[in-house]
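Visitor:
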Amino acid sequence: MIGLVNLLGEINPVPWARSQMAFTLAFHIILVPLGVSWGAMTLIANYKAIKHDDKDALLLAQRWSKYMAVTFAVGAVTGTVLSLEFGLLWPRFMGQWGQVFGVPFAFEGLFFLTEAIFISIYIFGWKRLKPWAHFWSGVPIVIAGIFGSASVISANAWMNAPSGFTLNSAGEVVEVDPFEVIFNDAMPLMAAHMIVAAYVVGGFMVASVYAVGMLRGRRDRYHRLGFLIPFTVACIAIPIQMGVGDSLARWVYENQPMKFAAIELVPETSSDVPETLFGYLNDDGEVVGGIPIPGLASILSDPSDGTATVIQGLDSFPEDARPTIRQVNVVHLAWDIMVGLGTLLFLLSLWYWGTWIFRKDMPQSKLFLIIASSAGFLAVVCMEAGWVVSEVGRQPWIVYNLMKVEDAATANTGVWITFIAVLGLYTALGITTIMVLRGMSRRFRLQHEAGQPDDAEGDDVPYGPSAPPDSSHGDKDGEKVLTS
Amino acid sequence: MATAAALVLFFAITMYAIFAGADFGAGFWDLVAGGTDRGAGPRGVIDHSIAPVWEANHVWLIFMLIVLWSCFPVAFASITLTMFVPLTIIALGIVLRGASFAFRKAVLNTRSRRRFGAVFATSSVMVPYCMGAIAGGIASGRVPDGGVAGDPVDSWVNPTSILGGVLAVCVTAFLAATYLVFDAHRLSDVDMVEYFRRRALGASVVAGVVAFAGIFVLASDAEYLFDGLTSRALPLVIVSLVCGVGALWLLIRQNHRGARLAAIGAVVSVIVAWGVAQWDDILPESLTVDDAAAPNGTITAVLVATGLVLVIIGPSFALLYALDQKGLLPEESVPEPTPNT
Numbered sequence: 004m005i006g007l008v009n010l011l012g013e014i015n016p017v018p019w020a021r022s023q024m025a026f027t028l029a030f031h032i033i034l035v036p037l038g039v040s041w042g043a044m045t046l047i048a049n050y051k052a053i054k055h056d057d058k059d060a061l062l063l064a065q066r067w068s069k070y071m072a073v074t075f076a077v078g079a080v081t082g083t084v085l086s087l088e089f090g091l092l093w094p095r096f097m098g099q100w101g102q103v104f105g106v107p108f109a110f111e112g113l114f115f116l117t118e119a120i121f122i123s124i125y126i127f128g129w130k131r132l133k134p135w136a137h138f139w140s141g142v143p144i145v146i147a148g149i150f151g152s153a154s155v156i157s158a159n160a161w162m163n164a165p166s167g168f169t170l171n172s173a174g175e176v177v178e179v180d181p182f183e184v185i186f187n188d189a190m191p192l193m194a195a196h197m198i199v200a201a202y203v204v205g206g207f208m209v210a211s212v213y214a215v216g217m218l219r220g221r222r223d224r225y226h227r228l229g230f231l232i233p234f235t236v237a238c239i240a241i242p243i244q245m246g247v248g249d250s251l252a253r254w255v256y257e258n259q260p261m262k263f264a265a266i267e268l269v270p271e272t273s274s275d276v277p278e279t280l281f282g283y284l285n286d287d288g289e290v291v292g293g294i295p296i297p298g299l300a301s302i303l304s305d306p307s308d309g310t311a312t313v314i315q316g317l318d319s320f321p322e323d324a325r326p327t328i329r330q331v332n333v334v335h336l337a338w339d340i341m342v343g344l345g346t347l348l349f350l351l352s353l354w355y356w357g358t359w360i361f362r363k364d365m366p367q368s369k370l371f372l373i374i375a376s377s378a379g380f381l382a383v384v385c386m387e388a389g390w391v392v393s394e395v396g397r398q399p400w401i402v403y404n405l406m407k408v409e410d411a412a413t414a415n416t417g418v419w420i421t422f423i424a425v426l427g428l429y430t431a432l433g434i435t436t437i438m439v440l441r442g443m444s445r446r447f448r449l450q451h452e453a454g455q456p457d458d459a460e461g462d463d464v465p466y467g468p469s470a471p472p473d474s475s476h477g478d479k480d481g482e483k484v485l486t487s
Numbered sequence: 018m019a020t021a022a023a024l025v026l027f028f029a030i031t032m033y034a035i036f037a038g039a040d041f042g043a044g045f046w047d048l049v050a051g052g053t054d055r056g057a058g059p060r061g062v063i064d065h066s067i068a069p070v071w072e073a074n075h076v077w078l079i080f081m082l083i084v085l086w087s088c089f090p091v092a093f094a095s096i097t098l099t100m101f102v103p104l105t106i107i108a109l110g111i112v113l114r115g116a117s118f119a120f121r122k123a124v125l126n127t128r129s130r131r132r133f134g135a136v137f138a139t140s141s142v143m144v145p146y147c148m149g150a151i152a153g154g155i156a157s158g159r160v161p162d163g164g165v166a167g168d169p170v171d172s173w174v175n176p177t178s179i180l181g182g183v184l185a186v187c188v189t190a191f192l193a194a195t196y197l198v199f200d201a202h203r204l205s206d207v208d209m210v211e212y213f214r215r216r217a218l219g220a221s222v223v224a225g226v227v228a229f230a231g232i233f234v235l236a237s238d239a240e241y242l243f244d245g246l247t248s249r250a251l252p253l254v255i256v257s258l259v260c261g262v263g264a265l266w267l268l269i270r271q272n273h274r275g276a277r278l279a280a281i282g283a284v285v286s287v288i289v290a291w292g293v294a295q296w297d298d299i300l301p302e303s304l305t306v307d308d309a310a311a312p313n314g315t316i317t318a319v320l321v322a323t324g325l326v327l328v329i330i331g332p333s334f335a336l337l338y339a340l341d342q343k344g345l346l347p348e349e350s351v352p353e354p355t356p357n358t
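From first to last, the protein sequence lines stand for chains A and B. Per the numbering used here: the first sequence = residues 4 to 487. Per the numbering used here: the second sequence = residues 18 to 358.
1. Excluding the 5 residues flanking Glu-392 (chain A) on each side, which residues of the same chain have their C-beta closer than 7 angstroms to its C-beta?
2. Comparing C-alpha positions only, which one of A:Phe-26, A:Asn-15 and A:Ile-14 sits nearest to Phe-422 (chain A)?
3. So that I know if they touch, is there some Cβ in chain B lying closer than 9 angstroms to that of Glu-88 (chain A)?
4. Would you check if there are 3 or more beta carbon pairs closer than 8 angstroms linking the stretch 294-311 of chain B to the stretch 153-160 of chain B?
5. Along the chain, where does the alpha helix (DSSP H) that runs through Leu-268 (chain A) open and close?
6. Kindly identify the DSSP beta-bridge partner or partners of Val-207 (chain B).
7. When DSSP labels each residue in this structure, what does Thr-169 (chain A) get in the three-state scheme?
8. Where do the N-terminal and C-terminal ends of the alpha helix (DSSP H) with Val-259 (chain B) fall, by residue?
9. Residues of chain A with CB under 7 angstroms from Pro-252 (chain B), in chain order?
10. Quick check on the burial criterion: 16 or more other C-beta atoms within 10 angstroms. Buried or exposed for Ala-488 (chain A)?
11. I'd like to check one pair, Glu-289 (chain A) with Pro-270 (chain A): are the Cβ atoms closer than 9 angstroms?
12. Using a Cβ-Cβ cut-off of less than 8 angstroms, list which residues of the stretch 64-75 of chain B approach chain A; keep chain order.
13. How far does the alpha helix (DSSP H) with Pro-36 (chain A) in it extend, from its first residue to its last?
14. Ser-87 (chain B) touches chain A at which residues, Cβ-Cβ below 9 angstroms?
15. Out of curiosity, what's the CA-to-CA distance linking Pro-297 (chain A) and Trp-41 (chain A)?
16. Would you say Asn-159 (chain A) faces chain B, with C-beta separation under 9 angstroms as the test?
17. To be precise: take each residue of the stretch 306-317 of chain B, compare its Cβ to all Cβ atoms of chain A, and keep it if any distance is under 7 angstroms. Which residues remain?
18. Anyone know if the C-beta pair for Ala-378 (chain A) and Leu-351 (chain A) falls short of 9 angstroms?
19. With DSSP collapsed to three states, give me the class of Thr-279 (chain A).
20. In this structure, does DSSP put Pro-59 (chain B) in helix, strand or coil?
21. Around the C-beta of Gly-292 (chain A), are 16 or more other C-beta atoms found within 10 angstroms, so that it is buried, or is it exposed?
22. Could you work out which residues of chain B lie near Leu-428 (chain A), taking near to mean beta carbons separated by less than 9 angstroms?
23. Take every Cβ of the stretch 90-98 of chain A, pair it with every Cβ of the stretch 76-91 of chain B, and state whether three or more of those distances are shorter than 8 angstroms.
24. Residues of chain E with a CB under 8 angstroms from the CB of Asp-287 (chain A): which are they?
25. Would you verify that the beta carbon of Pro-352 (chain B) is, or is not, closer than 9 angstroms to some beta carbon of chain A?
26. Look at Ser-257 (chain B) and Gly-275 (chain B) and say whether their C-beta atoms are less than 9 angstroms apart.
27. Decide if Glu-72 (chain B) is buried, meaning its Cβ has at least 16 other Cβ atoms within 10 Å, or exposed.
28. Going straight from the alpha carbon of Trp-354 (chain A) to that of Phe-361 (chain A), what length do you get?
29. In three-state DSSP terms, what is Ser-273 (chain A)?
30. List, in order along the chain, the chain A residues whose C-beta lies closer than 9 angstroms to that of Leu-325 (chain B)?
31. Quick one: what does DSSP say Leu-320 (chain B) is sitting in, helix, strand or coil?
32. Would the stretch 224-240 of chain B count as touching the stretch 166-186 of chain B if we require 3 or more Cβ pairs under 8 angstroms?
33. Put Val-144 (chain B) into one of helix, strand or coil per three-state DSSP.
34. Go through its chain and collect everything with a Cβ distance to Ala-60 (chain A)'s Cβ below 7 angstroms, but skip five positions before and after it.
35. Quick one: what does DSSP say Lys-343 (chain B) is sitting in, helix, strand or coil?
36. Here's a check: name, in chain order, each residue in its chain whose Cβ is nearer than 7 angstroms to the Cβ of Ala-158 (chain A), leaving out the five neighbours to either side.
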């Protein structure tokens, strides 16, 4: 036993802890937009259904709520893993800062409870609750989703802009001002950026499924609605996101110059800094490759000063207190991907709005549908890239300028084992989730073609919910989930 | 202030135990329900009973963790460092359990259902065992103070932990069976009422025997806790005993509602007894609640959040359960609308 412990003792847990946290967060963050915005989109369909006695919208809302039951469950359990990981991977961070960092989470717990309760009432209440009572039972899901993500982001923002506490001479937290912690300087813009992102990403994700259906010739009203509702939501959100993102970048320029230097790939402090598209830093810290746009980074940082705006370079920070060259390159590339894809999605929304204004209908061309069907995937990549900018750009700090990641990590040398276990488990979980969602959609479609309700049982099912009384159905295609 | 935070912590633990505990226990009965055909009846009741509520119940665990790390950060660090292995098993088990339960409901083919069901049921036993083992390790003073790791193996593989784990599995199974009797009754499924009533009786006897054996384990392995349980926490231990026996008697008399309440009483009083017995330590014999407590600002924030939970979540939770118990949240099945023609 001791020999084994000694052997494993040589494996540094920090990179493994980092990888595990990054991987589980990257996985969970894909489910977040669905948890936050899908409820709102379902309610839009539900409202339309009740208000205009629209059967297509009703069917859509009901099916969405069934898919949501699956994605919400997966989101709930992967979220639980994250809260256990705070302790398992970063015990020294939690021991020192848990009393500060934990404050926003107390409220997140409140909102998450609300969301879980009402999502259950909504999902299970279709049959017996009165239509409007049922509709209203869905509203708290939307509100709790927004406030819940604001709480989580508040904690994350606090890591970027720690405030609201007093340390004694030994560096221990002796006083906490919860208000200052929750509403730290980075919180308003970061929270807005993530909440709007949830609507952009959730909207494009759901819409892309129906775009694929339409490309396959399912051009009925049901698919049209299934596309229009989420796509419109996303296209309303994306211009807002451009504005919020721009303000946030300027906030980072003013408050986190180190992260900004990494974003803009600025090795040395200067004015008239070019905006370098792609490119990277070599081992000597010089910019290599890429397409420089003269002066643009300076102009964007402070338009009033134009190219005279000075941007602090990486060289103005001690080497052990700034991201490594590799990290800088990751941040810069992620930034380019985020801005690039965000702009692409924004242009797609312009196309959509333009066609509505001039032709009074959505774009019908195949090209538009092909791009729209990949928009969900692109939006997810865009969001992941943005998250990489935020997290890797903060390195080497876990609490900006106060605690380094390596000082926060567990000393437990078994982390590499749990990382491999988590990797395997989550891969299986991801594949199974997609398969289950696709299976549901295929089943809905086949049963529709056979004139049965969604919940009709196959003959080989020995247990499970009893089938509701049969009702008549027309021939209508179902949908295909996550085909791409 | 520190005391208030400790009360909130135990409130969360208790809520988790009586709500989510029953969901875990239902997983135990799912596991032992037998083959596909034989187990169809009980599994139907189990699905019906826990599907609308398990996620909301599960959130109490997150709330409990939040209270622990916010209000007692050092204790949280010590516990997570020491209990790395069982906590990792819990994390993975929760993923497997929740996801496979949701998947089982979403798929209709028998083979996939059986697989997801098996994963759901196995992890439903594994997770409470590990939680009980962790509680045992903490209660027997095996988690050191100061954000350092205790023994990675002995801290959760020891007599008190084994007792805690086995007791947790028995108690959740007992709790679940009394709930399921009630649910089967509501569904007017006479066979299933009898089925779960017999199991509730069996589980209560087994839980009683384990608890009795536990007296000797604690006397030798966790003296600090044993002293507490036999002195200031004694009234609570007696209440728990009375509730347990009462549940047994009410089950025999077929008073299902009463039996369920008595079962809840038994579980709540055991948990509170644990807290009282190790008071005023949060990590027995190494860290007191006062020393571990976060600054007042943090605790105030947590108390405010808890107050809001009581004000907002209380009625919502009551609504969810009222709707569920009245059968207004039947199944995911929805009468399909007739399409526009």
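Yeah, the Cβ is synthetic: ideal placement off N, Cα and C, and Gly gets one too. Given the structure is predicted, the values throughout are model-derived calculations rather than measurements.
Guide: To lay it out plainly:
1. Going by the sequence as given, residue 392 (chain A) is Val instead of Glu. Result list for Val-392 (chain A): Ile-266, Val-334, Ala-337, Trp-338 and Met-341, in chain order.
2. A:Phe-26
3. yes
4. yes
5. Element bounds for Leu-268 (chain A): n/a, residue is neither H nor E.
6. Beta-bridge pairing links Val-207 (chain B) to no other residue.
7. strand
8. 251-269
9. Under the 7 angstroms cutoff, chain A gives no residues; its nearest Cβ is about 32 angstroms from Pro-252 (chain B).
10. Nothing can be reported for residue 488 (chain A), as the shown portion of chain A is limited to 4 through 487.
11. yes
12. Asp-64, His-65, Ala-68, Pro-69, Val-70, Glu-72, Ala-73 and His-75
13. 16-36
14. Gly-101, Gln-102, Val-103, Phe-104, Gly-105, Val-106, Phe-108 and Ala-109
15. 42 angstroms
16. no
17. Ala-311, Pro-312, Gly-314, Thr-315 and Thr-317
18. yes
19. strand
20. helix
21. exposed
22. Leu-109, Val-112 and Leu-113
23. yes
24. Absent here is chain E; the protein component of the structure consists of chains A and B.
25. Confidence is the limiting factor: at Pro-352 (chain B) the pLDDT is only 42, short of 50, which leaves the residue's position unreliable, though a coordinate-based value still follows. Yes, contact with chain A.
26. no
27. buried
28. 11 angstroms
29. strand
30. Phe-110 and Leu-113
31. helix
32. yes
33. helix
34. Ala-48, Lys-51, Ala-52 and Leu-228
35. coil
36. Phe-104, Pro-107 and Phe-108
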